[in-house]
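Structure, as structure tokens:
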């Protein structure tokens with residue numbers, strides 16, 4: 188598909204999924220509870236590395252996170268990686284009414300449906316791993332599922348041009364989680380939620396003295412390959428959204 192055709196398709200989707208005074212955009216019109224999506228994805232055979240639950244402290248102050256260089260830079264370690272995910276994508280509280288129980292998370296989500304999944308791509312990290320690895324973040328358990336380990340030489344090639352303490356955080360969307368409730372507007376809400384997650388990761392990283400850079404030169408296929416979401420499986424499709432470099436600059 189040529190670029191003009193791609194742009195036209197985007198504009199048509201934007202127009203077609205607007206709400207109007209005459210009616211709402213197309214959707215299911217009801218909630219089929221038997222097919223309600225599970226907001227927590229797990230890989231059956233992956234090793235789970237439990238992360239530390241970092242208790243809240245009085246510092247750093249929220250406003251300080253927006254002043255570059257004001258917060259001392261944390262060393263990349265098991266504890267700091269744990270805190271990054273705990274402060275950005277973790278479950279924040281469990282709520283219940285009678286027999287119904289559900290989770291809220293640090294990152295907001297349209298309808299609390301949470302289509303956004305998080306990934307870590309890193310080199311050897313003290314207390315966490317001895318080899319470079321690709322991991323999926325499991326918010327219910329606050330842990331990292333190890334999807335793949337790879338050689339140090341490949342990691343050094345991947346990180347060429349970045350500071351030595353750099354690692355990568357990726358985000359994907361499972362569109363079905365939003366389509367179940369919102370129908371054709373699902374992609375809008377997935378992008379909305381991905382933006383919230385990017386912001387949450389950015390603020391959590393700033394609280395550790397780190398910077399976040401969106402790597403917007405990577406395409407869909409490259410992102411899917413890096414995060415391992417291009418594989419065929421029986422679960423709902425997972426589309427890559429963004430990869431962020433996290434580190435000292």
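Residue numbers (this note's numbering): 188 to 436.
Glycine included, every Cβ here is placed at the ideal spot set by N, Cα and C.
Note that the structure is a prediction, hence the values are computed from the model and not measured.
With 16 other Cβ atoms within 10 Å as the buried cut-off, status of residue i
i, result
"residue 425", "buried"
"residue 297", "buried"
"residue 219", "exposed"
"residue 380", "buried"
"residue 310", "buried"
"residue 244", "exposed"
"residue 288", "exposed"
"residue 262", "exposed"
"residue 222", "exposed"
"residue 284", "exposed"
"residue 428", "buried"
"residue 308", "buried"
"residue 272", "buried"
"residue 268", "buried"
"residue 282", "exposed"
"residue 270", "buried"
"residue 280", "exposed"
"residue 389", "buried"
"residue 373", "buried"
"residue 193", "exposed"
"residue 196", "exposed"
"residue 216", "exposed"
"residue 335", "exposed"
"residue 277", "buried"
Boundaries (first-last residue) of the beta strand (DSSP E) holding residue i
i, result
"residue 336", "330 to 336"
"residue 385", "First-last for residue 385: 373 to 393, but that is the alpha helix (DSSP H), not the beta strand (DSSP E)."
"residue 200", "Not the beta strand (DSSP E): residue 200 falls in the alpha helix (DSSP H), residues 190 to 203."
"residue 317", "Note, residue 317: premise wrong, no beta strand (DSSP E); not H, not E."
"residue 427", "426 to 434"
"residue 360", "354 to 360"
"residue 399", "398 to 401"
Beta carbon of residue i nearer than 7 Å to that of residue j
i, j, result
"residue 352", "residue 434", "yes"
"residue 436", "residue 295", "no"
"residue 264", "residue 293", "no"
"residue 364", "residue 291", "no"
"residue 312", "residue 322", "no"
"residue 355", "residue 432", "yes"
"residue 394", "residue 252", "yes"
"residue 430", "residue 410", "yes"
"residue 342", "residue 319", "yes"
"residue 396", "residue 259", "yes"
"residue 324", "residue 340", "no"
"residue 361", "residue 286", "no"
"residue 392", "residue 399", "yes"
Segment limits, alpha helix (DSSP H) that includes residue i
i, result
"residue 369", "363 to 369"
"residue 237", "Residue 237 -> not in any alpha helix (DSSP H); beta strand (DSSP E) instead, spanning 234 to 237."
"residue 344", "339 to 345"
"residue 409", "407 to 414"
Rounded distance between the beta-carbons of residue j and residue i, thought under 8 Å
i, j, result
"residue 131", "residue 238", "What is shown of the chain runs 188 to 436, which leaves residue 131 out entirely."
"residue 378", "residue 213", "Residue 378 to residue 213, Cβ: 18 Å. No contact."
"residue 303", "residue 384", "5 Å"
"residue 226", "residue 367", "No, residue 226 and residue 367 are not in contact; Cβ-Cβ is about 11 Å, not under 8 Å."
"residue 248", "residue 328", "Incorrect: roughly 30 Å between the Cβ atoms, too far for contact."
"residue 204", "residue 375", "6 Å"
Any chain C beta carbon closer than 7 Å to residue i
i, result
"residue 306", "Absent from the structure: chain C. Only one protein chain is present."
Any non-hydrogen atom of the ligand ZN closer than 6 Å to residue i Cβ
i, result
"residue 391", "As far as ligands go, the structure on display features none, and thus does not contain the ligand ZN."
- Query: Taking the runs of the alpha helix (DSSP H) that are 4 residues or longer, which of them lie wholly in the region 248 to 305?
  - Reply: 265 to 273
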